[in-house]
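In our numbering, the protein residues as written are 11 to 424.
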């Protein structure tokens, strides 16, 4: 089988070559919060942080329709009691472990986009993840991702820079795969440095120079070797900048000692250090809760909520919160009815959370009906590409039609 550029990039990563006061009550409306207008920063200062909830998050136990009798009927074993939820509306509440999200929601900064999905949903983890990452549900095999295509549109502008970064992984997610640029993956910032081997300082300096010369050597033709040189050049540049930025940063919030907390702390560190990256990708796994869901899901939502709360507070203390839009997504939701193992199986529609860079927090769209279902699944009413289109057009200042291939209605998050 021929090696594609996507395979080449992901294998490079796997091999370690590129791995280098009082809050307002919840019932305040979005209109009331909109009185405090927040001006958007210049386009080059706007940052997108994408948080993947890998495995298929159970949206129905995340944003809970606690007044709906159908909810308790469908989930007698794993349902969340109406007195336990963190109310964000007259009939909706967050999971009780999501106190951090509740705080951000009460500040008017957390948008909850309900009923998100796409036509003819696929229940395969791999295929559905590819659909979300490529934003091309009708194309089975694709060589690039939606953010990768957005980077390719302005490839010359990004030359010699690190416009995007995937943290906590050695494998480049499809969402960031480009055809004209190389996006570094960083498993651990402390380990992302040039390994020069043993020897004197002079020998190490010479080795660094030789590697740099190789990476900077130009070729008249576009070959795989030339592509490797460009990839190495990006990795070297990223490593040097990381060394400088990480030496001076002090977090202004206490991050939880979990995986996502560490990743978002690093993202905040790079933002505060003016690292020059506009797109960050991080992931939290474990959401494929087929059995004994309650405890595992509770822990995951606690990790998600506490880590993003710390990230938001850190940015706020550094007066950077208006420069950053953070969005969560998962490849699909879960079925409405619990299964015989006190878990849930692969479903369809769910919600997206967006920590907005302004005053656009609140509930967006209606919660899907628990009786009007599609083969036991919640029906979507907001195409996830509408959220992407809004991020591209109104936040990243990139034509969504050029990236997505079609025009999609926007969502009020920016």
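C-beta atoms are modelled at their ideal positions from N, C-alpha and C, and glycine is treated no differently.
query, result
"Candidates 134, 377, 320 and 295: which alpha carbon is nearest residue 390's?", "377"
"Since residue 67 contacts residue 357 with CB under 8 Å, what's their CB separation in whole angstroms?", "Their Cβ separation, rounded to whole angstroms, is 10 Å, which puts residue 67 and residue 357 out of contact at 8 Å."
"Hey, how far is the Cα of residue 125 from the Cα of residue 413?", "23 Å"
"If we count the other Cβ atoms within 10 Å of its Cβ and call it buried at 16 or more, is residue 178 buried or exposed?", "buried"
"Please return the same chain residues whose Cβ sits closer than 7 Å to the Cβ of residue 96, not counting the five positions on each side in sequence.", "103, 104, 106, 108, 109 and 112"
"Which whole-angstrom value is the C-beta distance of residue 121 and residue 372, which I expect to be below 8 Å?", "6 Å"
"Look at residue 352 and residue 302 and say whether their C-beta atoms are less than 7 Å apart.", "yes"
"Report yes if the CB atom of residue 282 is closer than 7 Å to the CB atom of residue 320, and no otherwise.", "no"
"Quick check on residue 409: buried or exposed, where buried means 16 or more other Cβ atoms within 10 Å of its Cβ?", "exposed"
"Please report how far the alpha carbon of residue 128 lies from the alpha carbon of residue 99, in whole angstroms.", "26 Å"
"Would the beta-carbon of residue 337 fall within 7 Å of that of residue 274?", "no"
"Between the Cα of residue 384 and the Cα atoms of 131, 76 and 72, which residue gives the shortest distance?", "131"
"Determine the burial state of residue 370: buried for a count of at least 16 other Cβ atoms within 10 Å of its Cβ, exposed for fewer.", "buried"
"To test your reading of the DSSP string, which unbroken beta strand (DSSP E) runs of 3 or more residues are found completely within the region 342-414?", "360-365 and 372-374"
"Three or more beta-carbon pairs under 8 Å between the region 184-198 and the region 141-161, yes or no?", "yes"
"Give the secondary structure of residue 72 by DSSP, where H, G and I count as helix, E and B as strand, and everything else as coil.", "coil"
"Would the beta-carbon of residue 191 fall within 7 Å of that of residue 290?", "no"
"When DSSP builds the beta bridges, which residues end up paired with residue 293?", "62"
"Taking residue 62 and residue 293 to be in contact with their CB atoms under 8 Å, please state how far apart those CB atoms are, rounded to whole angstroms.", "4 Å"
"Buried or exposed, going by whether 16 or more other CB atoms sit within 10 Å of the CB of residue 381?", "exposed"
"Within this structure, are the beta carbons of residue 57 and residue 334 separated by less than 7 Å?", "yes"
"Can you tell me which of 52, 296 and 401 puts its alpha carbon nearest to the alpha carbon of residue 65?", "296"
"Spatial neighbours of residue 88 within its chain, please: CB distance less than 6 Å, with the 5 preceding and 5 following residues excluded, ordered by chain position.", "303, 304, 348 and 352"
"Would residue 345 and residue 387 qualify as a contact pair, given that the criterion is a beta-carbon distance under 7 Å?", "yes"
"Counting contacts by CB-CB distance shorter than 7 Å, is residue 52 in contact with chain D?", "Absent from the structure: chain D. Only one protein chain is present."
"Just to confirm the assignment, what range does the alpha helix (DSSP H) spanning residue 309 have?", "303-327"
"Can the beta-carbon of residue 366 be found less than 7 Å from the beta-carbon of residue 119?", "yes"
"Hey, would you say residue 418 sits closer than 7 Å to residue 395, going by beta carbons?", "yes"
"Which residues bound the alpha helix (DSSP H) around residue 123?", "Where residue 123 is concerned, there is no enclosing alpha helix (DSSP H), although the beta strand (DSSP E) it sits in stretches over 120-127."
"Applying the criterion that 16 or more other CB atoms from any shown protein chain within 10 Å of the CB defines a buried residue, is residue 137 buried or exposed?", "exposed"
"For residue 337, write down the residues that DSSP places opposite it in a beta bridge.", "60 and 364"
"Pull up the distance between the alpha-carbon of residue 252 and that of residue 280, whole angstroms please.", "8 Å"
"Of the residues 300, 59, 269 and 354, which one's Cα is nearest the Cα of residue 198?", "269"
"Is residue 341 near residue 72, with beta carbons less than 7 Å apart?", "no"
"Would the beta-carbon of residue 75 fall within 7 Å of that of residue 101?", "yes"
"Which two residues bound the contiguous alpha helix (DSSP H) that contains residue 177?", "No alpha helix (DSSP H) contains residue 177, which is instead part of the beta strand (DSSP E) from 174-177."
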